[in-house]
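A short write-up of the structure that comes next.
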Amino acid sequence: MKEKNATGILSAPFMTKTIKVINDMWLKGWAERNGGNVSYRLDKNKVGEYLDELSGVRTIQLFNEVRELAGEYFLVTGSGKYFRNVILDPEANLGILKIADDGKSYTILWGLTNGVKPTSELPSHLLSHISRMRATNGSSRVIIHTHATNLIALSYVLELTTENFTKWLWEMSTECLVVFPEGVGVIPWMTPGGEPIGRATAAAIEKHALVLWPFHGVFGAGRDPDEAFGLIDTAEKAATILVKVLSMGGKRQTITDSQFRELARGF
Ligand code: 2HA
Ligand code: ZN
489 MKEKNATGIL
499 SAPFMTKTIK
509 VINDMWLKGW
519 AERNGGNVSY
529 RLDKNKVGEY
539 LDELSGVRTI
549 QLFNEVRELA
559 GEYFLVTGSG
569 KYFRNVILDP
579 EANLGILKIA
589 DDGKSYTILW
599 GLTNGVKPTS
609 ELPSHLLSHI
619 SRMRATNGSS
629 RVIIHTHATN
639 LIALSYVLEL
649 TTENFTKWLW
659 EMSTECLVVF
669 PEGVGVIPWM
679 TPGGEPIGRA
689 TAAAIEKHAL
699 VLWPFHGVFG
709 AGRDPDEAFG
719 LIDTAEKAAT
729 ILVKVLSMGG
739 KRQTITDSQF
749 RELARGF
């Protein structure tokens with residue numbers, strides 16, 4: 489048995505890093521009202537240090553079986569909760585759940601007080617975790633959904649294909665090709681919250697760590713909160729530049745295809 493961790497789960501690095509990234513999204517202006525949601529597949533050994541603070545009382549059926557996630561612990565944002573309040577009261581706005589061994593239900597072990605449920609986008613999060621675990625040999629742990637302003641704005645203007653959206657963003661900043669070499673996956677507009685958009689997102693995120701939900705927001709994946717946030721932040725920065733460029737009458741010069749090939753060789 490692991491020894492009791494003296495400082496408590498609120499000071500656990502997985503907790504403080506998640507809270508910081510959630511607050512950063514609020515400060516970025518991406519998280520109006522209850523916009524956005526986060527899930528972090530926790531390292532079992534690290535959660536193990538806080539077992540005395542985890543006690544299961546509520547068990548809830550899942551939308552479908554997720555056998556690939558059986559026994560996994562997730563730190564998640566609460567349904568209807570505002571990112572800007574997470575810093576004030578993590579226990580009311582976040583929760584830790586554990587997926588049952590048969591993959592059919594989960595138990596809430598910490599937080600989500602007052603009967604609050606996990607994020608309404610849980611299907612998209614859990615199915616995306618399965619995809620990213622496959623794509624990264626298990627190293628991917630964090631999925632972020634957020635309403636990144638300029639990426640949403642561009643979805644009204646750019647042709648909605650993975651190839652087109654990716655190329656425009658790559659051109660807006662030299663680092664983009666390096667940060668998201670596999671591009672931005674674009675899925676069609678779909679009703680949020682359900683399993684169908686979850687399946688579409690999971691299929692796209694298996695190939696692209698960043699996925700655009702047109703007229704809504706983005707999903708980004710990473711090995712920790714910083715990496716998932718950094719990916720979205722980089723794409724959103726490029727989107728911000730593109731909105732300015734288009735507002736100034738459009739590009740007059742850009743990174744050329746041969747420069748892209750040189751960059752790709754360098755990395
Ligand atoms: O929970 O962002 O997509 C608020 C959302 C739903
Ligand atoms: Zn949303």
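Residue numbering for the sequence shown follows my numbering, beginning at 489 and increasing consecutively. Backbone N, C-alpha and C fix where the C-beta goes; we use that ideal spot for every residue, glycine too.
Approximately 10 Å separates the beta-carbon atoms of Thr649 and Gly671; this is outside 8 Å, ruling out the contact. One thing to note: Tyr561 has its Cβ no nearer than 8 Å to the Cβ of Leu515. When the Cα atoms are used, Trp677 and Thr506 turn out to be separated by approximately 28 Å.
Ser608 has its CB nearer than 7 Å to a heavy atom of ligand 1. Distance from His613 to Gly524 at the Cβ level is roughly 11 Å; contact not present, criterion being Cβ atoms closer than 8 Å. Taking Arg622 as reference, the option from Gln741, Ser499, Gly710 and Ala726 with the minimal CA-CA separation is Gly710. In this structure, Gly599 has its beta carbon at no less than 7 Å from each heavy atom of ligand 2.
Bounds of the beta strand (DSSP E) holding Gly673 are Val672 to Val674. Ligand 2 never approaches Gly682 closely enough for any of its heavy atoms to be under 7 Å from the residue's Cβ.
Runs of beta strand (DSSP E) with 3 or more residues, each lying fully within the segment 533-596, are found at 546-549, 561-565 and 582-587, listed in chain order.
Here Pro611 has Phe551, Gly682, Glu683 and Gly686 as same chain residues with Cβ atoms under 7 Å from its own Cβ, once five neighbours each way along the sequence are excluded. Of the candidates Asp590, Val630, Gly673 and Leu657, the residue whose Cα lies closest to the Cα of Leu730 is Leu657. Rounded to the nearest angstrom, the Cβ distance from Glu541 to Gly496 is 7 Å, consistent with a contact under 8 Å. Spatial neighbours of Tyr570 in its own chain (CB-CB distance under 7 Å, excluding positions within 5 residues in sequence) are listed in chain order as Arg521 and Asn522. In the DSSP assignment, Leu530 falls within the beta strand (DSSP E) that extends over Asn525 to Leu530. Gly524 has its CB nearer than 7 Å to a heavy atom of ligand 2. CA-CA distance, Arg555 to Ala580, rounds to 28 Å. Inter-residue distance for Val630 and Thr679 is about 23 Å (C-alpha atoms, whole angstroms).
Runs of alpha helix (DSSP H) with 4 or more residues, each lying fully within the segment 632-689, are found at 637-642, 650-659 and 663-667, listed in chain order. Straight across, the Cα-Cα distance linking Gly559 with Val667 is about 32 Å. The C-beta of Gly754 has fewer than 16 other C-beta atoms within 10 Å across all chains shown, which makes the residue exposed.
Annotation for Lys605: Ser567 place their beta carbon closer than 6 Å to its own, counting only its chain and skipping 5 residues before and after. Annotation for Gly705: the continuous beta strand (DSSP E) segment containing it runs Gly705 to Gly710. Nearest in C-alpha terms to Ser593, of all of Asn638, Arg572, Leu734 and Arg546, is Arg546.
Looking at Ala723, Gly673 and Gly718, the one whose alpha-carbon comes closest to that of Leu700 is Gly673. Leaving aside the five residues that flank Leu600 on each side, the residues in its chain whose CB is nearer than 6 Å to its CB run, in chain order, Gly566 and Gly583. Between Arg620 and Ser608 a beta carbon distance of about 20 Å is seen, past the 8 Å cut, so the two are scored as non-contacting.
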